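Colleague:
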Amino acid sequence: MNAVSQLKGEVYKRSEVEPRNSWALAKTRSALAAVVVCFAACLGAVGAGTAAGQSSGVPAITAKPQHVTVIDGRDTTEIHWDTGNGSMGFVFVTGPERKPVLFATGAKGTQKVPWIRSGKYVFELYSDQDRRTLLASVVVFASAETEAASQGMLWRSRARWLLVLVLFVIVYFAVYLSSTGTLRTTFPTEPTTSPRPLHVRRNLLLGIAAFICLDGIIFHSGLYVSILAPDSYAGRLAVITRAEKQRVPSGLKEVLVLGDSRMAEGFSTTVADELGSAAGFKFVNLTEPASTVNSWYYMLREVDPAARRYSAIVVPYGIGYEPSTADPLRISMAAPLLRYGDCFNFASAFQRWSGRFRAFTACILRGSAYQSDVTDLLEHPIVRIRSVQREAERLHSRAVYKGRDYDLVGTSYDPTTGQVTFAPKLTEAQRAAVRKSLIQPSQSDMEYSLKLQRDWIPRILNRYSKSSTAIVLTPVPRGPFVDLPVFSMAYHSVLPSVITQRTTFSVPEQTFEFLEKPEYYFDAFHLNAKGRQRFTETLVSELVGRLRSADSKPHFNSGFQLAADRPLESNEAN
Amino acid sequence: MLFNSFQYWLFFLIVALLFYSIPFRAGKVLLLCASYVFYMWWDPRFIVLILTSTVVDYFLGIWLEVTSGRRKKLLLAVSLVVNLGILGFFKYYDFFAGSIAALLHISPSSVVLQVVLPVGVSFYTFASLSYTFDVYWGKMKAVRNLIDYALFIAFFPHLIAGPIIRARQFISQIPRWRRPAAIVVQSGIILVLSGLLKKMVFADRFAVVSDAYFKDPLAHPGWLAAWSGCLAFFMQVFFDFSGYTDIARGCAKLLGFEFPLNFARPFLSRNPPDLWQRWHITLSTWVRDYLFMPFSLGRKGRFVLYRNMLVVMILVGLWHGANWTFVVWGAYHGLLLIGYRLFDRATVGTAIDRVMKKRYFVPFSVGLMFAAFVLSAAFFRPKTLQTSGYVLSALFGFQHLTGEFLMTTGTIVLLFTSLFLAAAQERNQFIDRLALQPPRVQIPAYVLAFLVLELFPATGPVPFVYFQF
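Protein chains in written order, with my numbering: chain A, 1311 to 1884; chain B, 121 to 589.
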């Protein structure tokens, strides 16, 4: 028989099958059996290797299962350990918000843990009782699940299997209908001739044009923005912007406060209104974690199209960092506020060409900024609808948020060694949050943050240059560990004086230095509830006093333009 | 410069515009220069290898044609030594040196050189070898134009990850080259779009599931997790490589060249030989013509034939990567081929044979073959045989655990959509025939393709799987 067909099965005809040669067949079978046995032995050896690996000098500790779903308050996992060399081992467990305790001892063993509750459990294998030499560790994650949630999960799982079954049936019939009976040996390729003239270029261009139009209808019209996931960064920004746009004016002098997470944790509208209402001021909070100064600019354009809605707008500035890895986040966050005309300005705000390209594309094809959101919507449409319906609840909980109620007193950080000494009262989760916040941003990420502020604060100033709205720049307290290298830069070097001079006034740089203590913080950057109270009080007293005096000098920032910034202004006009 | 990056399309646009604005003779030089630029974009050092292989085989080809006897064999040996030497050193040195060192209980670090694998070396080496063999066997005349030959080796659409082109297929197109007809351009555009969809939407989404599993299979015990991981990996590899091939074929068409088909809906294979007719066709035909055939011709006996099959499939496995897992992967497929042949012979004319020929049984055959191929992911993806063993034990339920179903609803829908589309394409070639459809069909198809590419790609350009081979 043709050797080709032996390998490929081509043109294989039963009639051509040579008569059975029992000897050859037996030989082939025995050879095959030998190969199979060898293969099985090989796998057996592999398996044995796996088992033997644990007692061949490699200390190990494993948990089965490692992810536990706690349904009735507690659940079980099984811990297996082996010191690898037969020496004594000590297994310690650290439960959520608990100190390490001795769990088991022995060179190796298996023990059930029937008391797992919700949280993270770290099982560590030490060679000594004083926990000096760690041999191996494993983390068991346990997540709590209510009866209703577990029922829901069960139904979701059943629905998924039902979907699989239905799809199987469909595919069965599709394959059945597509099969030709005999085995195919040739596969036709693309056509090379056409019976009629084709208009390739015209069709392609029409396709592209129709696609851009469709994207515009769905994503630029606000149709999709109304169903963005309210928990996403983009969704939150869209929700608060929309709510502010629809809010009926209070009749008081309104002061809008912008900012990122530091302002979101530090500024309380409730406290500010209590203090400012006597002087006729109403505070509006548009702070949003992860937002940047360019998104504040677009938010202002959205909520205040005529640039005269507010008495004052508070814009924070300071030392920070903007990692370029967060480009997709910044793009999707600003996307609900973008227009076709923002392409170049928005794209220019990114450090890397890939970011610029994505930003440019997001302005033209807005859908590209909502990729994960669209996938999530299609995968969980009912969850999304429910989530969107709870928009008012979210806004309310945002308004009544009081801040975090723990502090860092007793916690210290040595920037030279990177050593953090935690106060004993801090839980593991709180410690993890502090550790996470103690990042050492690169110089370029810091420079980029400064560049953003230097580029976009003047744009905000330009926007209000002919308006009676006062633009107030305020520093934000830096953190409890002011020795961090990131804070070595002086405030006045963040924004050149030519920019600060153009504002109605700037809150003095030292105003919040008294807050830069561990008692006012819950991590390395964010104020806690106490700090929030003190920061808001100080900021409002500064603002109210100075805005009152500014009232006597109306429009004093109008027409104040710098030659260097004029090109920006022309961009704005565009 | 990945095919799914903006950079590549800017590069392609510039090259295509320049190519069509100059005469073809100059255009060939332009394409060659562009191909070298494209290759050097990955790592400029390795251009030396491709140039060496090109120059050596070009001159050897001419000498092979005019010589005969022992000298001819010697020239062929020189070509094999140069090409396989480059491939062997860069791809397999560390593997074999490390394995031998382990066998002799020598520290692997003392012999392993950490050689960097040049991109696409397996593909252009095979392309180059096919030329030498064809000239040696007198199946084609030696190429007398160095530019033509260099372009055949380095033509950028196939340079990095195939399809593996034969000299006969490509070089014969050069003298007959003419501006592609509208239907060819149309097909090229459709192929490019289809390739981008396969890569960015399908492959990269399945990659999320397979990466989650294979990153640490021990963290996802149970048969369900193992099957989800292996299934997702199989789908990822298919869409990734098939997507790359479609883009390569589409780009070639847009420049007026034809590349052969590399995938023909392997999901629908009914048995192992059928699978290798549909999966990585250019590799399996290359192996058939230049490896299996020469070794099997004139040899009688089924055992020899089956042995050759096994050896060839192990070599196919080794071609994919220098690792014992690939050797076992190849052996597994070899055994599947042999096993199927034995089963087929044993059941011919029986009731089983009659049932299997029924049309209603075809989906079951397809499902069985599908599962057998998915199973091979246990050897293809893990880096060690130990991990393969673990995955295999999970697949067969030896852990007595169900585990997590790692696939999201979206991935499940994507999986069945691909199977359904494969069946539809098998039935009436609807994607290929899209080029002939009127605008009322074509324009909405474009819009749909663009919309899916806009909304559903996994984030960021993910490298193609076959680049590592």
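Virtual Cβ for every residue (Gly too), placed ideally from N, Cα, C.
All values derive from a computational prediction rather than experimental measurement.
Just checking: is the beta-carbon of Ser1642 of chain A within a distance shorter than 8 Å of some beta-carbon in chain B?
Modeller: In the first sequence, residue 1642 of chain A corresponds to position 332, counting from 1. Not an interface residue.
Colleague: If we ignore side chains and look at the alpha-carbon of each, how far apart do Phe1732 of chain A and Ala1742 of chain A end up?
Modeller: As a working note, residue 1732 of chain A is residue 422 in the first sequence. As a working note, residue 1742 of chain A is residue 432 in the first sequence. C-alpha separation (whole angstroms): 11 Å.
Colleague: With DSSP run on the structure shown, which of helix, strand or coil describes Trp1471 of chain A?
Modeller: For the purposes of this step, residue 1471 of chain A is taken as the residue at position 161 of the first sequence. It is helical.
Colleague: Distance check for Lys1563 of chain A and Arg1773 of chain A, CA to CA, integer angstroms please.
Modeller: In the first sequence, counting from the first residue as 1, residue 1773 of chain A sits at position 463. In the first sequence, counting from the first residue as 1, residue 1563 of chain A sits at position 253. Those two C-alpha atoms are separated by around 19 Å.
Colleague: Please state whether the Cβ-Cβ distance between Leu575 of chain B and Leu1524 of chain A is less than 8 Å.
Modeller: Your numbering for residue 575 of chain B matches position 455 in the second sequence. Your numbering for residue 1524 of chain A matches position 214 in the first sequence. Taking 8 Å as the Cβ cut-off, Leu575 of chain B and Leu1524 of chain A do not qualify as a contacting pair.
Colleague: Assuming contact is defined by CB atoms lying nearer than 8 Å, are Ser248 of chain B and Ile273 of chain B in contact in what I supplied?
Modeller: By one-based count along the second sequence, residue 248 of chain B stands at place 128. By one-based count along the second sequence, residue 273 of chain B stands at place 153. Yes, the Cβ-Cβ distance between Ser248 of chain B and Ile273 of chain B is below 8 Å.
Colleague: Can you confirm whether Ala1889 of chain A, when its beta carbon is compared against all beta carbons of chain B, has any partner nearer than 8 Å?
Modeller: No answer is possible for residue 1889 of chain A: the residues shown for chain A start at 1311 and end at 1884.
Colleague: Determine whether the beta carbon atoms of Met429 of chain B and Leu411 of chain B lie at a separation below 8 Å.
Modeller: The residue you call residue 429 of chain B lines up with position 309 of the second sequence. The residue you call residue 411 of chain B lines up with position 291 of the second sequence. No, the Cβ-Cβ distance between Met429 of chain B and Leu411 of chain B is not below 8 Å.
Colleague: Would you verify that the beta carbon of Val107 of chain B is, or is not, closer than 8 Å to some beta carbon of chain A?
Modeller: As shown, chain B starts at 121 and ends at 589. That puts residue 107 of chain B outside it, with no answer to give.
Colleague: Using the C-alpha atoms, what's the distance from Val486 of chain B back to Arg474 of chain B?
Modeller: Taking the second sequence and counting its residues from 1, one reaches residue 474 of chain B at position 354. Taking the second sequence and counting its residues from 1, one reaches residue 486 of chain B at position 366. If I take the Cα positions, the gap works out to 16 Å.
Colleague: Along the stretch 339-364 of chain B, what residues have a CB closer than 8 Å to any CB found in chain A?
Modeller: Against chain A - using a Cβ distance shorter than 8 Å - the residues of the stretch 339-364 of chain B are Ala339, Pro341.
Colleague: List, in chain order, every chain A residue whose beta-carbon is nearer than 7 Å to that of Arg390 of chain B.
Modeller: In the second sequence, residue 390 of chain B corresponds to position 270, counting from 1. Within chain A, the residues near Arg390 of chain B are Leu1493.
Colleague: Can you name the residues of chain A whose CB is closer than 8 Å to the CB of Asp552 of chain B?
Modeller: Taking the first residue of the second sequence as 1, we reach residue 552 of chain B at position 432. By Cβ distance, chain A contributes Pro1498, Thr1499, Glu1500, Pro1501.
Colleague: Which of the three DSSP states, helix, strand or coil, is assigned to Ala1644 of chain A?
Modeller: Along the first sequence, one-based indexing puts residue 1644 of chain A at 334. Looking at Ala1644 of chain A - three-state DSSP - the assignment turns out to be helix.
Colleague: Once the 5 residues before and after Gly1419 of chain A are set aside, which same chain residues still bring their CB inside 7 Å of it?
Modeller: By one-based count along the first sequence, residue 1419 of chain A stands at place 109. Within the same chain, Gly1419 of chain A has close Cβ partners Trp1391.
Colleague: Could you tell me the boundaries of the beta strand (DSSP E) in which His1390 of chain A lies?
Modeller: Taking the first sequence and counting its residues from 1, the one referred to as residue 1390 of chain A is at position 80. Per DSSP, His1390 of chain A belongs to the beta strand (DSSP E) from 1385-1392.
Colleague: To the nearest angstrom, how far is it from the Cα of Thr174 of chain B to the Cα of Asp1652 of chain A?
Modeller: By one-based count along the second sequence, residue 174 of chain B stands at place 54. By one-based count along the first sequence, residue 1652 of chain A stands at place 342. Spanning the two alpha carbons is a distance of roughly 50 Å.
Colleague: Terminal residues of the continuous alpha helix (DSSP H) containing Ile1371 of chain A?
Modeller: If you number the first sequence from 1, residue 1371 of chain A lands on position 61. Unbroken run through Ile1371 of chain A is the beta strand (DSSP E), 1370-1374; no alpha helix (DSSP H).
Colleague: Given Val561 of chain B, which residues of its chain have a CB within under 8 Å of its CB, disregarding the five upstream and five downstream residues?
Modeller: Position 441 of the second sequence, counted from the first residue, corresponds to residue 561 of chain B. Cβ within range, chain order: Leu554.
Colleague: Which residues in chain B have a C-beta closer than 8 Å to the C-beta of Arg1470 of chain A? List them in chain order.
Modeller: Counting from 1 along the first sequence, the entry for residue 1470 of chain A is found at position 160. Result: Phe525, Thr529, Ile532.
Colleague: Using a Cβ-Cβ cut-off of 8 Å (strictly less than) and excluding sequence neighbours within five positions of Arg325 of chain B, which residues of its own chain qualify?
Modeller: Counted from its first residue, the second sequence places residue 325 of chain B at position 205. The residues are Gly530, Thr531, Leu534, Phe576, Ala578.
Colleague: Are the CB atoms of Glu1584 of chain A and Arg1842 of chain A nearer to each other than 8 Å?
Modeller: Counted from its first residue, the first sequence places residue 1584 of chain A at position 274. Counted from its first residue, the first sequence places residue 1842 of chain A at position 532. No. Outside cutoff.
Colleague: With respect to 7 Å, is the separation between the Cβ of Lys335 of chain B and the closest non-hydrogen atom of the ligand SAM below this value?
Modeller: The ligand SAM is absent from the structure shown, which contains no ligands of any kind.
Colleague: Cβ of Pro1785 of chain A within 8 Å of Cβ of Glu1819 of chain A?
Modeller: As a position in the first sequence, residue 1785 of chain A is number 475, starting the count at 1. As a position in the first sequence, residue 1819 of chain A is number 509, starting the count at 1. Contact flag set, yes.
Colleague: On the DSSP letters alone, give me the boundaries of the alpha helix (DSSP H) that Ser1778 of chain A sits inside.
Modeller: Reading the first sequence from its first residue, position 468 is the one you call residue 1778 of chain A. That residue, Ser1778 of chain A, is in no alpha helix (DSSP H); it is neither H nor E in DSSP.
Colleague: CA-CA distance, Gln234 of chain B and Asp214 of chain B?
Modeller: Here residue 234 of chain B corresponds to residue number 114 of the second sequence, with the count starting at 1. Here residue 214 of chain B corresponds to residue number 94 of the second sequence, with the count starting at 1. Straight-line Cα distance between these residues: approximately 7 Å.
Colleague: Can you pull the DSSP bridge partners for Pro228 of chain B?
Modeller: What you label residue 228 of chain B is simply residue 108 of the second sequence in a count that begins at 1. Pro228 of chain B is not bridged to any residue.
Colleague: Pull up the distance between the alpha-carbon of Ile309 of chain B and that of Pro414 of chain B, whole angstroms please.
Modeller: Here residue 309 of chain B corresponds to residue number 189 of the second sequence, with the count starting at 1. Here residue 414 of chain B corresponds to residue number 294 of the second sequence, with the count starting at 1. Looking at the two C-alpha atoms, the distance is approximately 39 Å.
Colleague: Indicate whether Met489 of chain B and Arg385 of chain B have their beta-carbon atoms separated by less than 8 Å.
Modeller: Taking the second sequence and counting its residues from 1, the one referred to as residue 489 of chain B is at position 369. Taking the second sequence and counting its residues from 1, the one referred to as residue 385 of chain B is at position 265. Not a contact, by the Cβ cut-off of 8 Å.
Colleague: Apart from the five residues just before and just after Leu344 of chain B, which ones in its own chain have a Cβ nearer than 7 Å to its Cβ?
Modeller: Along the second sequence, one-based indexing puts residue 344 of chain B at 224. Closer than 7 Å at Cβ, skipping near neighbours: Thr522, Gly523, Glu524, Phe525.
Colleague: Measuring only the C-alpha atoms, how far is Phe1654 of chain A from Asn1604 of chain A?
Modeller: Sequence index remark: in the first sequence, residue 1654 of chain A carries index 344 (1-based). Sequence index remark: in the first sequence, residue 1604 of chain A carries index 294 (1-based). Going by the C-alpha atoms only, they are around 13 Å apart.
Colleague: If you measure from the beta carbon of Ser1489 of chain A to each beta carbon in chain B, is any gap under 8 Å?
Modeller: Mapped onto the first sequence, residue 1489 of chain A falls at position 179. With 8 Å as the cut-off, Ser1489 of chain A counts as an interface residue toward chain B.
Colleague: Give me the Cβ distance between Tyr1486 of chain A and Tyr480 of chain B, rounded to the nearest whole Å; I'm assuming they're in contact under 8 Å.
Modeller: On the first sequence, residue 1486 of chain A is found 176 positions in, with the first residue counted as 1. On the second sequence, residue 480 of chain B is found 360 positions in, with the first residue counted as 1. The Cβ separation is near 6 Å, so the contact holds.
Colleague: Find out if the Cβ-Cβ distance for the pair Thr507 of chain B, Pro277 of chain B is shorter than 8 Å.
Modeller: Sequence index remark: in the second sequence, residue 507 of chain B carries index 387 (1-based). Sequence index remark: in the second sequence, residue 277 of chain B carries index 157 (1-based). Contact flag unset, no.
Colleague: In chain B, what lies closer than 8 Å to Phe1451 of chain A by C-beta?
Modeller: The residue labelled residue 1451 of chain A in the question sits at position 141 within the first sequence. Within 8 Å Cβ-Cβ: nothing; Phe1451 of chain A doesn't reach chain B, min ~11 Å.
Colleague: In the DSSP assignment, what residue or residues form a beta bridge with Ser1697 of chain A?
Modeller: Reading the first sequence from its first residue, position 387 is the one you call residue 1697 of chain A. BP columns for Ser1697 of chain A are empty, so no partner.
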